[in-house]
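Report on one structure; see the data block that follows.
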Amino acid sequence: MPHPVSRAVLSEHGREFGPYRYVYAVVSRRSQGLSIGINLNPDKSCSFNCVYCQVERKNTAKKKPVRFPVLMKELHSILDQYLNGCLHSHERFSSVTDNNWLSLKDIAISGDGEATLSPFFNQAVELVLDQTERLKKEHAINVKPVLITNGSNLGKRNIRSACERLVLGGGEIWVKLDSGNADDFREINQGSVPFQRFLKNLFDFGKTCPLILQTLVFSFPDGRLSLNLNDYVLLLQKGIRAGFKPRSIQLYTLARKTRLRDLRALSVAGLQAMAEEIREKTTCCVEVFP
Ligand code: SF4
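In structure tokens form, the structure reads like this:
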């Protein structure tokens with residue numbers, strides 16, 4: 669059965685949205701509906717340099733600090749647009765006929781870099797919690813607060829506290845884990861954090877805070893698969909034995925133009941076969957987003 673929303677709409681995650689500088693709306697495959705994003709990194713700063721990064725970095729953005737009062741106003745404004753029905757008439761959504769896909773599912777702290785690097789990260793968490801609470805109380809709409817992070821800052825106490833607050837407020841933390849060993853981590857994510865430290869922080873935090881892992885799989889131009897499935901499974905098994913409890917794993921592949929050219933997306937069947945093996949060997953809940 670064809671997907672009710674076209675691939676073009678699901679792949680359109682551009683941050684340019686009307687007059688807004690810091691907020692945008694997309695139809696999200698992983699949220700199964702509308703997601704409002706908050707971009708805390710219009711300067712595109714990130715602690716990783718993933719080969720598959722889809723953020724356009726050719727035109728280096730000016731390092732202007734985020735104006736948080738403007739961001740707050742923008743979030744109020746885009747939510748008002750959603751509530752009064754105007755948001756649906758944006759050209760980005762013109763081909764979407766299934767209204768379920770235009771219902772607001774989450775407000776995500778995400779954007780063009782690593783949100784936890786922003787000096788406004790904690791304020792953004794409070795803002796999202798306030799607004800999701802308001803939507804619930806005043807409009808009886810359940811909208812999930814979400815943080816999408818590369819996990820490089822999970823060793824910091826203040827970042828962990830903000831993440832815990834988000835989860836206590838009904839939110840979800842989506843954290844990147846694209847590899848099962850240090851060599852692949854270096855090659856794929858090219859982060860400033862050593863793999864063992866990254867992993868320790870992830871697993872330690874994930875013992876008490878239920879994290880959703882995001883694993884992106886693709887093929888390199890020479891045909892090599894990005895994920896060594898055996899190492900990945902062993903890593904998860906080790907973490908789980910030590911008390912790590914991932915809420916679920918989102919397995920997905922490329923949908924847009926990437927920083928390193930000629931990377932290839934994985935087939936749906938390929939993703940599903942991987943998901944099956946991960947489920948079997950780790951008992952984790954694995955969702956596939958082709
Ligand atoms: S963590 Fe995200 S924004 Fe940063 S380089 Fe990787 S894909 Fe790009």
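If you count by our numbering, then the sequence shown holds residues 669 to 958, one letter each, in order. We put the beta carbon where it would ideally sit given N, CA and C, even for glycine.
For the stretch 705 to 723 against the stretch 777 to 795, are there 3 or more C-beta pairs whose distance is under 8 angstroms?
Touching, yes.
Measure from the alpha carbon of THR950 to the alpha carbon of each residue in GLN749, PHE957, LEU903, then state which is nearest.
The count along the sequence shown starts at 1 and reaches residue 950 at position 282. Looking at GLN749, PHE957, LEU903, the one whose alpha-carbon comes closest to that of THR950 is LEU903.
Tell me which residue opens and which closes the alpha helix (DSSP H) that PHE736 is part of.
As a working mapping, residue 736 is identified with position 68 in the sequence shown. Counting along the chain, the unbroken alpha helix (DSSP H) around PHE736 starts and ends at 736 to 751.
Stretch-stretch touch, CB-based, cutoff 8 angstroms, three pairs: the stretch 732 to 750 with the stretch 689 to 705:
Flag = yes, the stretch 732 to 750 and the stretch 689 to 705 touch.
Tell me which same chain residues have a C-beta within less than 6 angstroms of the C-beta of CYS718, skipping the five on either side of it?
As a first step, residue 718 must be located in the sequence shown, where it is residue number 50. For CYS718, where only same-chain residues beyond five positions count, the Cβ hits under 6 angstroms are ASN857.
First and last residue of the uninterrupted alpha helix (DSSP H) at VAL793
For the purposes of this step, residue 793 is taken as the residue at position 125 of the sequence shown. Residues 789 to 807.
Give the straight-line distance between the Cα atoms of SER894 and GLY907, rounded to the nearest whole angstrom.
Taking the first residue of the sequence shown as position 1, residue 894 is located at position 226. Taking the first residue of the sequence shown as position 1, residue 907 is located at position 239. Answer to the nearest angstrom: the Cα atoms are 21 angstroms apart.
What separation, rounded to the nearest whole angstrom, lies between the Cα atoms of TRP769 and TYR720?
Here residue 769 is taken as the residue at index 101 of the sequence shown, counted from 1. Here residue 720 is taken as the residue at index 52 of the sequence shown, counted from 1. When rounded, the distance between both Cα atoms is 26 angstroms.
The ligand SF4 and VAL811: does any heavy atom of the ligand fall closer than 6 angstroms to the residue's C-beta?
By 1-based counting over the sequence shown, the position of residue 811 is 143. No, Cβ of VAL811 sits at least 6 angstroms from all heavy atoms of the ligand SF4.
Report the rounded CA-to-CA distance for SER703 versus LYS812, giving the unit in angstroms.
As a first step, residue 703 is located in the sequence shown; it is residue number 35 there, counting from the start. As a first step, residue 812 is located in the sequence shown; it is residue number 144 there, counting from the start. Cα-Cα distance, rounded: 9 angstroms.
State the DSSP-derived secondary structure class of ALA910, mapped to helix, strand or coil.
As a working note, residue 910 is residue 242 in the sequence shown. DSSP places ALA910 in coil when its eight states are reduced to three.
In chain order, what residues of the same chain lie with their CB nearer than 8 angstroms to the CB of PRO862, ignoring the 5 residues before and after it?
On the sequence shown, position 194 is the one that residue 862 refers to. Take PRO862, set aside five residues on each side of it, and the residues of its chain with a beta-carbon closer than 8 angstroms to its own are ALA850, in chain order.
In the DSSP output, which residue or residues are listed as bridge partners for THR883?
In the sequence shown, the residue the question calls residue 883 occupies position 215. The partner list for THR883 (beta bridge, DSSP) reads LEU919.
Judging by CA-CA distance, which residue of LEU934, HIS758, SER771, PHE789 is the nearest neighbour of ASN707?
Residue mapping note: residue 707 aligns to position 39 of the sequence shown, counting from 1. Selection LEU934, HIS758, SER771, PHE789 evaluated against ASN707 yields PHE789 as nearest (Cα-Cα).
Taking Cβ positions, are ILE841 and LEU870 nearer each other than 7 angstroms?
Start at 1 with the first residue of the sequence shown, and residue 841 comes out as number 173. Start at 1 with the first residue of the sequence shown, and residue 870 comes out as number 202. No. Outside cutoff.
ASN707 - containing beta strand (DSSP E), residue span
Sequence index remark: in the sequence shown, residue 707 carries index 39 (1-based). Counting along the chain, the beta strand (DSSP E) containing ASN707 begins and ends at 701 to 707.
On the premise that ALA943 lies in contact with VAL936, defined as a C-beta separation below 8 angstroms, what is that separation, rounded to the nearest angstrom?
As a working note, residue 936 is residue 268 in the sequence shown. As a working note, residue 943 is residue 275 in the sequence shown. Taking 8 angstroms as the upper bound for CB-CB distance, VAL936 and ALA943 are not in contact here, some 10 angstroms apart.
Do the stretch 738 to 748 and the stretch 818 to 837 meet, that is, are 3 or more Cβ pairs less than 8 angstroms apart?
No, the stretch 738 to 748 is not in contact with the stretch 818 to 837.
What residues in its chain sit with their C-beta under 8 angstroms from that of LEU797, if we drop five residues either side in the sequence?
Along the sequence shown, read from residue 1 onward, the residue named residue 797 stands at position 129. Excluding its 5 nearest sequence neighbours in each direction, LEU797 has C-beta neighbours in its own chain below 8 angstroms: PRO813, ARG833, LEU834, GLY837, GLY839, listed in chain order.
Quick one, are the C-beta atoms of GLY819 and LYS844 less than 7 angstroms apart?
Indexing the sequence shown from 1 puts residue 819 at position 151. Indexing the sequence shown from 1 puts residue 844 at position 176. Taking 7 angstroms as the cut-off, the Cβ atoms of GLY819 and LYS844 count as close.
Are there any heavy atoms of the ligand SF4 lying less than 6 angstroms away from the beta-carbon of PHE863, as far as the coordinates show?
On the sequence shown, residue 863 is found 195 positions in, with the first residue counted as 1. Every heavy atom of the ligand SF4 is 6 angstroms or more from the Cβ of PHE863, so no.
Buried or exposed: GLN882, going by 16 or more other Cβ atoms within 10 Å of its Cβ?
Start at 1 with the first residue of the sequence shown, and residue 882 comes out as number 214. Counting other Cβ atoms within 10 Å of its Cβ, GLN882 reaches 16 or more and is therefore classed as buried.
How about SER778 and GLY705: do their beta carbons lie closer than 7 angstroms?
Stepping through the sequence shown from its first residue, residue 778 is reached at position 110. Stepping through the sequence shown from its first residue, residue 705 is reached at position 37. Cβ atoms of SER778 and GLY705: closer than 7 angstroms.
ARG760: which of PHE685, ALA792, GLY848, ASP890 sits nearest, CA to CA?
Here residue 760 refers to the residue found at position 92 when the sequence shown is read from its first residue. When PHE685, ALA792, GLY848, ASP890 are compared, the shortest CA-CA separation from ARG760 is found for PHE685.
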